[in-house]
Amino acid sequence: MSPPANPKSSWDEFVKGLWRENPVFIAVLGLCPAMAVTNSLKNGLVMGAATMFVLVGSSLLVSLLRKVIPRAVRVPCYIIIIATFVTTVDFVLAALMPVAHKQLGAFISLIVVNCLILGRQEAFASKNTTPMALVDALGMSAGFTLALAMIGGVREILGSGSLLGLRLFGESFEPWAIMILPPGGFLSLGALLTLFAWFKERSEKRREREAV
Amino acid sequence: MAAAREPGSFRLVATLALTGLISGLLLVGVYLLTQPRILRNQAEALYAAIFRVLPGTVEIKTYVVRDNELVYFEAPEGRLPTEQAVFAGHREDGSLVGYAVPADGPGFMDTIKLIYGYDPSRRVIVGMQVLDSRETPGLGDKIITDPGFHQNFEALAIEPEIVAVKKGKKEQPNEVDCITGATISSEAVVGILNKSSHQWAPLLVSPEETSEVSQHVAPSQP
C-alpha cells in the first residue's frame, strides 16, 4: 500500500464530509435537526440547504478573519457570524418559500446551535486557508444534506407512502404514521447508523486482511 | 500557534463590538429586503383562506373593531391591519356572503389558528380553514385536510352552541362530527369556534345594517 501522493488534496477534504467523517452518521453531530424536521424528503433537503448556506458562509468569513480575531474572543465572534447567516436564511426562506419555512418552524433559527457548524469553525476554518475551509464546509454540509435526505426519504416512503409528494403505492397501502412522528426519527436514524457502522466495520476488516 | 503577544482587553472588546455592528447592519439590510415579501406572503395566504371560507366571494373588504363597532379599513396594497380585524366577503352583485373571522385557541400541541366564514343572515358558519397548527402529523393534523370534517362547517348553526359529537352521530345543525383519532383536535376547533362566534356574532350584523357600517372610514394608521 502506498500512501496517497497528496494526502490533503481538496477532493479528499470534500469527500471526507460525505462519507468518512459524515457529520451525522459518523461524527453523530447535529442530530436534533436530523430527526426533528426530516419527516419528508423535501423538508430534509431544505434543512440541508439552509445549513449548507450557513456553514459555507460562516467558514468563508471565519477563515478570512482567522488572523484578525483574537483567540480569547473567537467563540463569541464565530457565534455572531453564524447567527447573522442563520437570521438571513430565516428571512429569505420566509420570503421565498413560506410553506417550507412554516414546516421547518423554529428549527431554522436553531441552526445557530447546530454543533456541526461551530465545530467546523473551531476545528477547521479557523486553522486553514479560505479555499480549503470552503471545500471542507461544502463537503460537510453536503454530507449533512445527504444524511437528512436519506432519513427524510425513508420516513416519507414508509410514513406517507410517497416521495417528494408523489404517491408511490396504490390505495391499499396503509402509511406507517409512526414514521412521520418523532419515534420514526429515532427508528430511521438508528437503522441508518447501524448500517453505516456495519459498512465501516466491514471495510476495516477487509483492510486488516489486506495488511496481513 | 506561535506565542503571539496577548491582545489587550481594548482589542477584545473592539473586535466583539465591530463584529456585532457589522452583523447588525447586514441584518437590517436583509430585513428591509425581505420584509415586504414576507408580509405579502402572509396576506396572500390569509386572502386565499378567506375566499375558501366564504364560497362565492369575489371582493373582500377589511373591517377593524373600534369602540365595539366595525370600521372600514382602507388596506394599503393588501396590507393587513395590525388590530383585530374581520373580512367581509361580497358577491359579484355586491351582496354580502358573510364575514371571515380569524380566531385561535389551545389545540393538542400548540395554539391552533384558524379562520371561519360566518353568515349573519342565517347565523351559520359556512366554512373553516386552519391557518396554523402543530397538531400530530397523520392524526390531529387531519383537521386541516379531512374533507369529511370540513363538510361539518358548510352550514353549521352557532346556536345555542356548537357541539362536538362522535363521528357519524351528527344529527342537529349545530353538531360537528369529530375525526376518529383526532378527537382532541376536533374538539379544540369546536371550542375555538364557540368562543369566537359568541364574541363576534353581536358585532357582525346582517346586510341591511352593513351599509351604515361602511360609512365610517378609518385612516390606515391607527
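Quick mapping for you: the protein sequence lines, in order, are chains S and V.
Taking our numbering, the leading residue of the first sequence gets 144, the next gets one more, and so forth.
Taking our numbering, the leading residue of the second sequence gets 3, the next gets one more, and so forth.
We put the CB at the ideal spot given by N, CA and C, even for glycine.
Note that the coordinates shown come from a computational prediction; the quantities given were computed from them, not determined experimentally.
is_contact[residue i, chain S] using C-beta, thresh 8 Å
{"i": "V:L116", "result": "no"}
{"i": "V:N154", "result": "no"}
{"i": "V:G22", "result": "yes"}
{"i": "V:I40", "result": "yes"}
{"i": "V:V30", "result": "no"}
{"i": "V:R13", "result": "yes"}
{"i": "V:R9", "result": "Residue identity differs from the one stated: residue 9 of chain V is Pro in this sequence, not Arg. With 8 Å as the cut-off, V:P9 counts as an interface residue toward chain S."}
{"i": "V:L205", "result": "no"}
{"i": "V:T17", "result": "yes"}
{"i": "V:L141", "result": "yes"}
{"i": "V:N196", "result": "no"}
{"i": "V:T36", "result": "yes"}
{"i": "V:A5", "result": "Confidence is the limiting factor: at V:A5 the pLDDT is only 47, short of 50, which leaves the residue's position unreliable, though a coordinate-based value still follows. No, no contact with chain S."}
{"i": "V:Y33", "result": "yes"}
Same chain, Cβ closer than 6 Å to residue i, neighbours up to 5 away in sequence not counted
{"i": "V:L82", "result": "A45"}
{"i": "V:G142", "result": "F110, A184, S187"}
{"i": "S:P325", "result": "none"}
{"i": "S:L188", "result": "A292"}
{"i": "V:I52", "result": "I62, F89, A102"}
Cβ-based neighbour list, residue i, same chain, cut-off 7 Å, excluding 5 preceding and 5 following
{"i": "S:L307", "result": "L184, K185"}
{"i": "V:G100", "result": "L56, G91, G119, Y120, D121, P122, V128"}
{"i": "S:I212", "result": "C220"}
{"i": "V:Q86", "result": "V66, V67"}
{"i": "S:Q264", "result": "S201, S202, V205, Y221"}
Below-8 Å beta-carbon distance, residue i vs any chain V residue
{"i": "S:I212", "result": "yes"}
{"i": "S:C220", "result": "yes"}
{"i": "S:T231", "result": "yes"}
{"i": "S:S331", "result": "no"}
{"i": "S:L174", "result": "no"}
{"i": "S:T227", "result": "yes"}
{"i": "S:F312", "result": "no"}
{"i": "S:P274", "result": "no"}
{"i": "S:F234", "result": "yes"}
{"i": "S:P166", "result": "no"}
{"i": "S:I223", "result": "yes"}
{"i": "S:V205", "result": "no"}
{"i": "S:N149", "result": "Low per-residue confidence applies at S:N149: pLDDT is 48, beneath 50, and the placement is therefore not dependable enough to give any value."}
{"i": "S:A249", "result": "no"}
{"i": "S:L261", "result": "no"}
{"i": "S:L324", "result": "yes"}
{"i": "S:A237", "result": "yes"}
Close-in-space but distant-in-sequence residues of the same chain around residue i (CB under 8 Å, 5 per side omitted)
{"i": "V:P149", "result": "none"}
{"i": "V:T182", "result": "K169"}
{"i": "V:R54", "result": "G129, Q131"}
{"i": "V:A47", "result": "L133"}
C-alpha distance - residue i paired with residue j, whole-angstrom precision
{"i": "S:F287", "j": "V:T64", "result": "46 Å"}
{"i": "V:F75", "j": "V:R68", "result": "11 Å"}
{"i": "V:D112", "j": "S:F250", "result": "16 Å"}
{"i": "S:G302", "j": "V:Q37", "result": "35 Å"}
{"i": "S:K343", "j": "S:S252", "result": "33 Å"}
{"i": "V:T138", "j": "V:L41", "result": "27 Å"}
{"i": "S:K245", "j": "S:A237", "result": "8 Å"}
{"i": "S:F157", "j": "S:T227", "result": "25 Å"}
{"i": "S:R352", "j": "S:I321", "result": "42 Å"}
{"i": "S:R298", "j": "S:M190", "result": "15 Å"}
{"i": "V:A157", "j": "V:V126", "result": "6 Å"}
{"i": "S:T337", "j": "S:L330", "result": "11 Å"}
{"i": "S:N257", "j": "S:I223", "result": "14 Å"}
{"i": "V:V60", "j": "V:A102", "result": "13 Å"}
{"i": "S:T272", "j": "S:S201", "result": "14 Å"}
{"i": "V:E94", "j": "V:N176", "result": "29 Å"}
{"i": "V:R136", "j": "V:N70", "result": "32 Å"}
{"i": "V:E163", "j": "V:N196", "result": "7 Å"}
{"i": "S:G367", "j": "S:F196", "result": "With chain S covering 144 to 355 only, the question about residue 367 of chain S has no answer from this structure."}
{"i": "S:F316", "j": "V:H152", "result": "24 Å"}
{"i": "V:L20", "j": "V:E8", "result": "19 Å"}
{"i": "S:A170", "j": "S:E314", "result": "40 Å"}
Residues that DSSP places opposite residue i in a beta bridge
{"i": "V:F89", "result": "V:T64, V:A102"}
{"i": "V:P108", "result": "V:T113"}
{"i": "V:V178", "result": "V:A166"}
{"i": "V:D134", "result": "V:K115"}
{"i": "V:I127", "result": "V:Y120, V:L158"}
{"i": "S:R310", "result": "S:S305"}
Contact belief for residue i with residue j at Cβ below 8 Å, rounded distance in angstroms
{"i": "S:V199", "j": "S:A290", "result": "The Cβ separation is near 17 Å, so there is no contact."}
{"i": "V:C180", "j": "V:V167", "result": "7 Å"}
{"i": "S:T181", "j": "S:G295", "result": "4 Å"}
{"i": "V:V132", "j": "V:N154", "result": "With 8 Å as the limit, V:V132 and V:N154 do not qualify as a contact, their Cβ atoms being about 13 Å apart."}
{"i": "V:I194", "j": "V:D106", "result": "7 Å"}
{"i": "S:P216", "j": "V:L18", "result": "A small fix is needed here, since residue 216 of chain S is Val in this sequence, not Pro. Correct: roughly 5 Å between the Cβ atoms."}
{"i": "S:P166", "j": "S:M275", "result": "17 Å between Cβ atoms; not a contact."}
Distance cut-off 7 Å: residue i Cβ against heavy atoms of the ligand SAM
{"i": "V:I164", "result": "Of ligands this structure carries none, so the ligand SAM is not represented either."}
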